[in-house]
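Single-structure report; data block below.
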Amino acid sequence: MTLAFNAALCALILAAALATILGRGIFRSIMFFIVYGLLMAVAWVRLDVVDVALAEAAIGAGLTGVLFLAAFGRLVREGAEAEPPRRINPPAAVACVGLTAALTWAWFSLPIPERPGPQLAEALPRAGVENPVTAVLLNFRAWDTLLESIVLLAALIGLWMLTREDDWRNRLGLPQHVRPGGVMSGFGRVLPPVGLLVGVYLAYVGADRPGGAFQGGTVLAAVGLVAAMTGLVRPPRISAPGWRAVLVAGPLVFLVAGLAGALLGTNFLTLPAPVAGGAIFVIEVALLLSVAVTLTFLVLGPPEGENRR
Amino acid sequence: MSALVTLLVLPLAGAIAAIALPSPVGRTAALAAIAATTGAAIVLMATVAFQGMPRLEMGGWTPPLGIVLVADGLSVALIVMTALVMASAGLAARHAFAPGTAGERAAFGFWPLMLLLWSALNVVFLSRDLFNLYVGIELLSLAAIGLVAIDGKATALAAAMRYMIFALAGSLLYLAGVVLIHAAHGTLDIDLIATRTAAAPDGLALALMTAGLMAKTALFPFHVWLPPAHAGAPAPASAMLSGLVPKASFAILLRLWFDTMPDRASDGALTLIALLGTAAVIWGSLGALAQVRLKLIVAYSTVAQIGYLFLVFPLAGGASAGVPWAAGAWTGAVFLALSHGLAKAAMFLAVGHWMAVAGSDRLSDLRGLAQLMPMTAFAFALSAVTLVGLPPSGGFTGKYLVMTAAFASGQWAWALVMGGGGLLAAAYLYRPMAVLFARGAQAGAAPPSRARQAVPLLLASASVALGIASAGPFDLLAIGRPLAAEEGL
Amino acid sequence: MTALSLFAVTGAVLIGIGFYGLIATRHFLRRVVAFNLIGSGLFLFFGATGARGGVTDPVPQALIITGIVVAFSASALGVGLVVARARLSGRAALPEEEDGA
Amino acid sequence: MTALLPVLILLTSLVPAVITFFLDQESHLLRNALSLGGAVLKVALIVVMLFAVAGGAAYETTIPLAPGLVLLLRIDALALLFVSLSATLWLLTTIYAIAYFGTQPELSRFFGFFSLCVAATTGIALSGSLISFFIFFELLTLSTWPLVAHKQDEASLKAARSYLLYALPCSAALLWAIVWLESATGPVLFTEPPDLDGLDPMSLRAIFALFILGFGMKAAIVPLHGWLPAAMAAPAPVSALLHAVAVVKAGAFGVIRVIYDVFGAARVAELGVGIPLAVLASATIIWGSLRALQQHDIKKRLAFSTVSQVSYIVLGAALAGPYGMIGGLAHLVHQGLMKITLFFCAGIYDVRAGVRSIAGLNGLGPRMPWTSTCFSLGALGMIGLPPMAGFVSKIYLGIGGLESGAPWVLAVLAASTLLNAAYFLPLLYRLWFLEPSPDATGDENAPALVVPAVIATLGALGAGVLAASAVSPLGWATLIAERGDIR
Amino acid sequence: MMIWTGPLLPLAALVWPFLLAALTALPAFRGRAVRLLPFAPLPALWLAVAGVEGVTTAPGLLLGVTLGLDAARRLLMGMTAALWLIAGLAAQPMAGKPHTAVFSGFWCLTLTGNIGVFLALDVVTFYVAFAAVSLAAWFLVVHDRTEVALRAGRVYIVTALAGEVSLLVGLLIGAAAAGGVDIEGVRIALGASDAGPVAVALLVTGFGIKVGLVPLHVWLPLAHPAAPVPASAVLSGAIVKAGLFGMILFLPDGAFGSVLMALGLAGAFGAALWGLTQSNPKAVLAYSTVSQMGLMVMLVGAGGAARETVPFLALHHGFAKGALFLLVGAMLAASDRRHRMLCLAFAAAVSASVAGFPFTGGALAKAAVKPGLTDAATLALSLSSVATSIILVWFLFRLWLLPNAGKTATHWPLRLSLPVVAGGLAFAGPWLFWQSWTGHDFVYALAMKPVIDALWPVAVALPPALALLRWSLPQRPPGDLLLLLQGWGTLSIPMPDLSLRWAGGRRLFDALALAIARAERGLLRWSLSSTLLPVLVLAMLALLA
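Residue numbers (our numbering), protein chains in the order written: chain G, -7 to 301; chain W, 0 to 488; chain V, 94 to 194; chain P, 851 to 1337; chain A, 45 to 589.
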């Protein structure tokens, strides 16, 4: 039964994926992708990996889907939504089948190493959090996570570099014209408080149970997006100093904590066991804010003024 | 606080400051970070040279749990080269991306992108964790894409898009390899993997990572994105993109094939890699010959020069690894990478000056500029010397070491590639030289000040000095080498 | 075939499909979508490997989460690029691939 | 201090070179003082060392680069032979060049590269290891290019391009040769014979051929000579540098080093590569002369003459016997003295009388007696007429040919002499015996141009008249052979 | 280091004229350079008169100079020096004419070489001296710069250089064979070595050109008449002897004997005959020189005792020929009939001596030679006297036909007295040295048989000679064999440029670059290059497995 469910799930996932690639039209492709993302989240749950399932659902399906949809909308405005005629590329197909075959073969020939390492079990008590995933993310491999937050920043700066010179001082994203009192507007008034709660909760429980700053941040970002799209909040300008400070707050706190570890403890990013929990909390809060704002800005896109090309 | 931490934190802090602080302050902070990071790089080099390799266990966790960063000879050599190029690019950008010169957007964005790029490079050069390396090269790619696109023109955007697909595809292939490694060995630490018991999928992992990194290094046939991307960016950005960025993925390749899984190499694979390198040398050179824009010539030259680097694999890897000349070949390849980085950056900065004066980088518009700006012309010429591999330059030392290894191991076909590539380089670099030296300068704008002209000259001189004083770098590179860097030949 | 193998092979197939999409489609937005397919397929594969032997390894999970965020960053930038290019030129494909043939 | 002497000698031209690059065009005085000062200092140092080395001393400086790449500078008799030639002629050429250019533009660049060229040549001369030789050899290639292109007109740039077109592939060949050899033997020092037994004879022959390809280009061996006549587009001081002070000499010197200090005469004979090289050199001697006959431009004719004459040196080296070697070494100096005289004079005819074509020489002799006398003597020396230096070389080479079982060398020498006469005597005839065209002008009121030519002429004359004395080039070459500096 | 060892005088005899040559280049001397000429040969003359013992070496000069004297050297050097002195005096009237500084300079250089040939004991010095005498003399030939002189100069220089080269090669082979540069040793080695014949052939060529050995003589009848009279005198009197002496020095006894004799005889008779077609008395004299030298080469070829006496013959011929040329000069300067008669008379006397009329120096010289000859050779010698007599009669005829100068030139007494002195020496010289040179008593020379032997050829010659004056042969320009060559015109051989051609390579390069650019456009399509990405993975997997 379980196997059958899993098989059906996998078949659906593959079907959605194929439709994403082969389906006619970009819009359909995006729609299938969102479906695909939700199915993937289910798959992660089936794998009993809730942390990832949350991330996948929030970022992989949700936020990415919104990103694609927003982009599609803009492409439609530019008249660039049409696809060039597509053709089957047999060599590519063969090569990709080969790639799949090779990975499949690898799966079946993989040895099972000693995992998770005894070190993990031994170190977890000193990590300051109970959720091992969070421990890995924010303590054992905190350096990765710090860089990850920086990657988000880099993407944002990169994205901003795509602004047209004339638009630089405009507000982020497309100018919104939401009719006051419309559906969107109402939706926009209801959703944010709920989302806000969910987001903060996700981040807060991340210490012990599935969840964390990135998942929570994503939810907050969704809130922010909805607020912006419904006209509840006007997106800021790039030059807004407060927002820019929020953007860098997470990485900055992370860095400072790391340096504190280097100065007080043994190494960069060392969080001494007694204060580890507290430190991780502070970092998570800062990260939550930064991630939320960064993701929001990433989806909003660079400022685009009224003036057309 | 150790130089290692400083080196990692400073550019990050600089980037954060440049993002958060308002324009003039942010820019000043960025420049301060550039200066400080350069200092830190040099301090780190001194540390490695005189005290041994610093090792930084992030968060105090040892592998396989935590991430370790180690500064060995290869790391610091690349880091110092990076610092030199970055500092020069920063100096050039001080003018090129001054608020008055560039638009508000570029004047804001350049500095954080540059510092993020630098952070990523330092991470890639230092990290011993395969996944951390992945994050590093992703950061690198995103910052680089931002720099490619910073010009804002449609062609630059197309170049950035092209670059992006290659970079993303490469990253994912690399990540696939990392996944396999972790699945098979439960660790991501290079040194632990080196002591693992071999697993069947190791070969696939290596193949995936290699292919992915090749795409990011722009090795033939994955080079097509490089010329438009590097040629489309503003000069200081081009200098970083062409001089530094390919070195990151190349450094990971070196780590993979020589540190991580040296036992996994097979002659066939090594030969395949070198054949692609050979093709890159020929293809890139001929491509450069066909160009009429100087930036494109210089960019295609990068394609060709990258090809050289890949000749090292059959010479120092696999069955060759244990023999005495392997160390020479390996060191030679790193010398080539270092001198190419310096020389290429010098070239792009010089071209930037000329473009500012002539208004274009078409060869026909650059006629006689050597008279107007002799220092930059000299810098270009010196860089050309390095790229052609003429003595006394770092390029020559590298070429010599690699060629000696090729002959000593009986694989002299690679030596022929090396020599032939030098000739091709001479051919494509001669054209701009001849144009620059011809009579009849037509200045559109006043030439930049001598101090600004001196920047590329210093870089080019550094690439030559690398050859003149090659003993020091050679010894430095031997630090931390798994192969006993025997006294060459 | 165990559930893990099922998911792993699904992941492998997704990688293949995604790669084909990355190669064979020309609209840049669809390529970014395909890139996300590869990524999630790879993460699925990774997750499956981490769940072998009856224990769930937190390290792959953490890495996957990092990977997802990184992939999103890249996607955002990619989408930004295609939109920006479309604003300038009205096209959403690479110049060399725009015209038929 | 003595260990630093080689470096010091190198610096006497390197330092002026570097400083000169940064001088303004207008600082004529400082620039000239630098160039002249360096040249004089260098000559002085060399004179000091000539005595010391004649007494048996040798100086050595080692600068390690990467392993296997050792920069070894060594002053021994052979090095000194070449370095004294280049230093002396550098001094003369500098004086000449200062007068020649006057206040033309781009002089800082010119003199910078000029000094750099000489520094490279000095390095070549002093190199004690193969790799040092190569490094300086390439430096020479590069620093020569801007000199050839100095005028920056079409012809000069074309010549410069042609120069590089020849030089770089040949450099590549040279590098291949060096790397191939050293990969089997380790670093090759000229003082100790490398152990060549690790390489099979065919490889050794191939390496030798690559060496010859590499050096042969600079030595303008047919068919690698095409750049040299083209390079006559450059100003006269550059021609002097190319033909006498540095470039072609460096090639010939390389051949000598390879034959005697890398392979060793015995090995060359054993491999059977000496005679083919001698044949090639002979072919060059003849061919260069034949081509010279066809030229109507003075400098072009002189250039082809160089093609022919430099191969005398190669021929002497290739014969691989003591007489041949002494002849070749002596000719290294002799040819330099005579050819620089000729180019100096050709330059004087150009700038003072506007004459470049051979036809323009008519009747210039009485009008410009000093120049023309020098020119005539130089030409006669080239033909090999006693007592100018050329005949000494010829005698030694001839005997060397017989000694090495190659009597045909005599025929080559004979033919070359006749051909030399055939292309030089008409010039002298025009100078002295034909009536000048009515609108001809020309004077030689430029002592700084004429005096170097006269000194060079006297040198060439002295080298011949006093050939047997110890201070002559021949005497020094004999000393080299006796001492066994070269094997 | 010692600059020289041994007696200084031989060195001084060489250096002195060399220095004078250098002096002529100085502006101070340019106008009166001619005045230096008589001084140039004085040390040499002194040396010849005083004699010197021992060998002089100057180890630092050239490749080590060794000088010395023996009887033959002393005799010939004395003759040469004396003749140069006389000619130098005869050149005095040239003072103030154009180009005399150059003329004087090369005069002194030629003289240096000429003396050097006789003093040199080593091959290199000999070669250098020989080259000097050959090549510097070119300036004497072309001095007048007339079309004729310049043409003669061209022919001269070509042949002289050819001679120089073959000489050099021959000497080199000799030195290599001998393992040293000592002339004696070289001669011996040439006789013994395998390469000897080649070297000898080359030496014969080299020296043969100088002495005017048929068929290498073509330059001589052009050059000797073309030069100014004093120069002609030394050319024909002294300089040719350098070649002759070279043969004596280097050719092993008997080597190439028959060839030399055949060629010598061909010259002796052929030149005399061809001389009759000349109208210029100097050209006639030049052919006479070819003839006489042929005779001497024949004697060298004959070898043995005959060869030993050749210097004695040369002594006479040198002075005599010098005198005759100078007399041509005197005749050209004479304006009144008495002077012309005087010239003719003296010329006749000297001619008689050359023809070997009894009691003249010439007769004595021939008498000295004969004991060493076979009968056939003796007959040939006598017959050559017939030929000589005929051509000299022709000479006298042509001399008389020279136009009247119109007004008496300056220095007339000097112009006449110098040839008289030379002629006198031609008469007296053989007498003077007869005993010491031949070892015979004077009585031997005065005996009846030699007198008759000397007389009959002259007697036989007179009738045909006088007939010729009436029915002269068709007149031809000088140059005989050369005239045959003139049809060839200038040789022009098209020569390809052997230097590597890059143009073709360049085209290939361009084509290649174009092809690459095209392929690059294909590769630029992401779908193509990215397909290669998984392909590369699989390929590498296959190679790694």
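The C-beta atom is built at its ideal place from N, Cα and C for all residues, glycine as well.
Predicted model, so just to flag it, every value in this text is computed and none were measured.
How is residue i classed by DSSP in three states: helix, strand or coil?
{"i": "residue 1307/P", "result": "helix"}
{"i": "residue 913/P", "result": "strand"}
{"i": "residue 298/W", "result": "helix"}
{"i": "residue 166/A", "result": "strand"}
{"i": "residue 168/V", "result": "helix"}
{"i": "residue 1158/P", "result": "helix"}
{"i": "residue 590/A", "result": "Since the first and last residues shown for chain A are 45 and 589, residue 590/A lies out of range."}
{"i": "residue 102/A", "result": "strand"}
{"i": "residue 222/G", "result": "coil"}
{"i": "residue 49/A", "result": "strand"}
{"i": "residue 295/A", "result": "coil"}
{"i": "residue 229/G", "result": "strand"}
For the beta strand (DSSP E) that residue i lies in, which residues bound it at each end?
{"i": "residue 924/P", "result": "920 to 925"}
{"i": "residue 69/G", "result": "Per DSSP, residue 69/G belongs to no beta strand (DSSP E); it is in the alpha helix (DSSP H), 56 to 70."}
{"i": "residue 110/A", "result": "109 to 111"}
In the DSSP output, which residue or residues are listed as bridge partners for residue i?
{"i": "residue 430/A", "result": "Its beta-bridge partners do not exist; DSSP assigns none."}
{"i": "residue 69/W", "result": "54/W"}
{"i": "residue 1147/P", "result": "1207/P"}
{"i": "residue 977/P", "result": "923/P"}
Of the choices the options, whose alpha-carbon is the least far from that of residue i?
{"i": "residue 424/W", "options": "255/W, 299/W, 84/W and 41/W", "result": "299/W"}
{"i": "residue 142/A", "options": "105/A, 109/A and 186/A", "result": "186/A"}
{"i": "residue 954/P", "options": "1001/P, 1158/P and 980/P", "result": "1001/P"}
{"i": "residue 1103/P", "options": "1140/P, 1060/P, 1055/P and 1178/P", "result": "1178/P"}
{"i": "residue 371/A", "options": "61/A, 460/A, 301/A and 260/A", "result": "460/A"}
{"i": "residue 66/A", "options": "84/A, 395/A and 350/A", "result": "84/A"}
{"i": "residue 265/A", "options": "200/A, 297/A and 287/A", "result": "200/A"}
Confirm the yes/no value for this check: CB of residue i, any heavy atom of the ligand NAD, distance under 7 Å.
{"i": "residue 26/W", "result": "This structure simply doesn't include the ligand NAD, nor any ligand for that matter."}
By the DSSP assignment, the alpha helix (DSSP H) with residue i in it spans what residues?
{"i": "residue 100/G", "result": "82 to 101"}
{"i": "residue 130/G", "result": "Unbroken run through residue 130/G: none, as it is neither H nor E."}
Mind listing which residues of the region 551 to 571 of chain A have their C-beta closer than 8 Å to chain V's C-betas, in chain order? Cβ contacts with chain V come from 565, 568, 569, 570 and 571.
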